[in-house]
Amino acid sequence: RTPDGWSDATLTTSVIEVAGGSPVAIETWDTRHGPVVHGDTRSGWAISMRWIATNGPTNRAFEPFRPMIRARTVSELFAVQVDWVDPVNNLLAADTAGTIGYQTRGVLPDRGPGDGASTPGHEPFRQFPTAGWTGEYEWRGRVPYDRNPHSINPAAGYIGTANQQIIDGDDPYIADSFSAPWRAERLVELMANDRIFTPEEIAGWQGDVTSVSARAWGRLIAGLPSLHGDSEHARALLAGFDGVMAGDRAEPLLYAYFRRALARHLFAPVVGPDTWDWLVHDSLPASSSPVSRWITSVQASLMRHAGHAVRPDIHPRVGRDADDVASADAWWAGAALTALPAALADAWSSAVASSGPDPREWRWDARHRTNAQHPLAVRFPWLRQALNPPVAPMGGDSDTLQAASYVWAEGPDFDVTSLSVFRHVVRLDDPARTTNVVPGGVSGVRGGRHAHDQLEYWRTHRRIPAPYALADVEAQVGSTLVLTPG
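Residues 1155 to 1640 in the numbering used here are what the sequence shown lists, from first letter to last.
Written as structure tokens, this is what we have:
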């Protein structure tokens, strides 16, 4: 249905041949707002998904690749991104002339005002399905490429991104979900020293495990009065925590249990048990989970309420006036202060249950490890050892430059669910000295010598040479794989 009457939906039937079984027919429906992803179109009610990559003119996303390879300057590289459609992401670049730049690349839909964005005092509700038959929520076209956030040679002298919100505001609107700003804040700290850094110093930041968030919690907890029992044990250990999430320390383990417990105490009663179980399930990426955003918002409220500094450029309060912010801060700070003793007690109990009664024996990396599961290992558990890569203990967490997220569901372990899958260091003054590392190795052949041989380099923050010149690449070739069509 449209504002002008009914519009036909298109039915497509695809037949999938099944080895040893009968063919399976799959029906899909397409509407003017994209394919139906939930519901029964024949019943009259369904949810469709409009996505810029499949909406409108032909997606020409592969066309920028060749001119990207040939670009010789930052400006040339950014200019060819006009044809980049999806994914919308951050592009940072530097050239041998000393120019640095940032560009949000990808096509952004120009959304109409019916989503609440134009109503003073109301947050946009772009997170939820909207009525597709009123015309109130229609896209108004595409945001011109030159309005995408971009910067060349900023006054600060550096550019740093860690998937945080880039602009203070939502014009143009990019997304609702961003990572917490703590990793970006750590970059700002490291770059604050007005000096020239060596390439190895900068490369070392890839292994930085200082959490600005954990350090701020240490200050907040230090301001609490003495408590009782397990609450006091936890308070005493975390008070003044410096935020260094090193694998061989006890404080990060207790802090991780504390975060999980505090989130449950604050949010589970609000959303209910079923929704809470869904929110903390491991099917949701931990770093982009609503729980991560909520706990960050509560922490910022508590910090402001306690008089601690909160950088406005990396903790934006979009569309909120000062009175609204102060009122929300007071409410959430009160809720957090009420929940803190119970969360601290729960954290201490969890740490004792998992690691013993003596905190001197606790280690963060004993519970915080990679644990990648091959998709087939779930179906064929007897092949798990052959299919799954080795386990690697890790420091850090979702808020450190060494990205190492874990899910919010409570339990004894903190298996890493999101990490850096490629570390790359390029010296523009000498590209031949480029280095990189891939935790999963560079071979997809299980049992091959290159399947996991870079994991230890990655775990210990070492890298291997990456040949750059054609002659150097050819000299390193061990075998050649030729794929012949047909």
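Where a beta carbon is used, it is the ideal one built from N, C-alpha and C, also for glycine.
Short Cβ contact (8 angstroms threshold) for residue i with residue j
i	j	result
ALA1376	GLY1394	yes
ARG1587	ARG1617	no
ALA1338	GLY1314	yes
VAL1228	THR1253	yes
TRP1485	VAL1452	no
ALA1546	THR1524	yes
HIS1565	ASP1519	For the sequence presented, residue 1565 should be read as Gly rather than His. Contact flag unset, no.
ALA1238	PRO1218	The sequence as given places Trp at residue 1238; Ala does not occur at that position. Yes.
ARG1389	LEU1456	no
ALA1215	TRP1183	no
SER1333	GLN1318	yes
ILE1223	GLY1255	no
ALA1531	ARG1538	yes
ALA1422	TRP1430	yes
Contact belief for residue i with residue j at Cβ below 8 angstroms, rounded distance in angstroms
i	j	result
HIS1387	TRP1516	With a Cβ gap of about 12 angstroms, HIS1387 and TRP1516 do not count as contacting.
VAL1591	TRP1612	5 angstroms
ASP1362	THR1554	6 angstroms
LEU1344	ALA1316	Going by Cβ atoms, the distance from LEU1344 to ALA1316 rounds to 12 angstroms, so no, they are not a contact pair.
LEU1420	ALA1493	6 angstroms
PRO1513	ALA1410	Going by Cβ atoms, the distance from PRO1513 to ALA1410 rounds to 14 angstroms, so no, they are not a contact pair.
SER1574	GLN1360	7 angstroms
PRO1621	GLN1630	5 angstroms
HIS1606	GLY1598	Going by Cβ atoms, the distance from HIS1606 to GLY1598 rounds to 11 angstroms, so no, they are not a contact pair.
LEU1637	ARG1600	About 20 angstroms; that fails the 8 angstroms criterion.
SER1385	PRO1495	4 angstroms
As assigned by DSSP and simplified to three states, the class of residue i
i	result
THR1450	helix
ASP1162	coil
SER1176	coil
GLY1188	strand
VAL1479	helix
GLY1602	coil
LEU1624	helix
GLY1372	helix
SER1597	coil
TRP1199	strand
VAL1169	strand
ALA1558	strand
TRP1205	coil
ASP1264	strand
VAL1579	strand
THR1429	helix
Minimum C-alpha distance to residue i - residue among the options
i	options	result
THR1352	LEU1582, SER1229, GLY1598 and GLN1556	LEU1582
VAL1190	THR1166, HIS1528 and ILE1170	THR1166
PHE1232	ASN1244, VAL1239, ASP1240 and GLN1257	GLN1257
PRO1303	GLY1289, LEU1456, GLY1311 and LEU1262	LEU1262
ASP1569	GLY1255, ASP1551, VAL1424 and ALA1620	ASP1551
GLY1510	ARG1458, ARG1340 and LEU1407	LEU1407
GLU1610	ALA1625, ARG1600, PRO1543 and LEU1624	PRO1543
PRO1308	ILE1356, ALA1334 and ALA1247	ALA1247
LEU1416	ASP1436, TRP1448 and ALA1629	TRP1448
GLY1311	ASP1478, ILE1350, ILE1206 and GLU1230	ILE1350
PRO1298	ARG1226, VAL1236, ILE1201 and LEU1491	VAL1236
GLY1289	PRO1585, PRO1157, PRO1593 and GLY1601	PRO1157
TRP1336	GLY1159, LEU1541 and ALA1454	ALA1454
PHE1282	ASP1626, ASP1348, VAL1464 and ILE1201	ILE1201
ASP1567	HIS1528, VAL1506 and GLU1181	VAL1506
GLY1159	LEU1245, THR1589 and TRP1287	TRP1287
THR1450	PRO1639, GLY1632, PRO1585 and ASP1483	ASP1483
LEU1245	SER1197, ALA1173 and ILE1320	ILE1320
Other residues of its chain near residue i: CB distance less than 8 angstroms, five sequence neighbours each side excluded
i	result
THR1250	LEU1582 and ASP1583
SER1161	ARG1155, THR1185 and ARG1186
GLY1358	HIS1615
GLY1383	ALA1499
ASP1626	ALA1586
Cβ-based neighbour list, residue i, same chain, cut-off 7 angstroms, excluding 5 preceding and 5 following
i	result
ASP1396	ARG1369 and GLY1372
ALA1460	LEU1374 and GLY1377
VAL1434	VAL1445, VAL1561, TRP1562 and ALA1563
ASN1209	GLY1188
GLY1260	TRP1238, VAL1239, ASP1240, PRO1241, VAL1242 and ASN1243
THR1273	Caution applies to THR1273, whose pLDDT of 47 falls short of 50 and renders its modelled position unreliable; the value that the coordinates give is listed next. Around THR1273: no qualifying Cβ.
VAL1398	VAL1363 and THR1364
TRP1205	GLY1188
SER1508	ARG1521 and PRO1566
SER1443	LEU1433 and TRP1562
Nonlocal neighbours in the same chain, by C-beta distance under 6 angstroms from residue i, ignoring five residues either side
i	result
GLU1171	PRO1177
ALA1179	THR1167 and VAL1169
GLY1275	In this predicted model, GLY1275 has a pLDDT of only 43, less than 50, meaning its place in the structure is not dependable enough to derive any value.
SER1504	TYR1411
HIS1604	GLY1595, VAL1596 and SER1597
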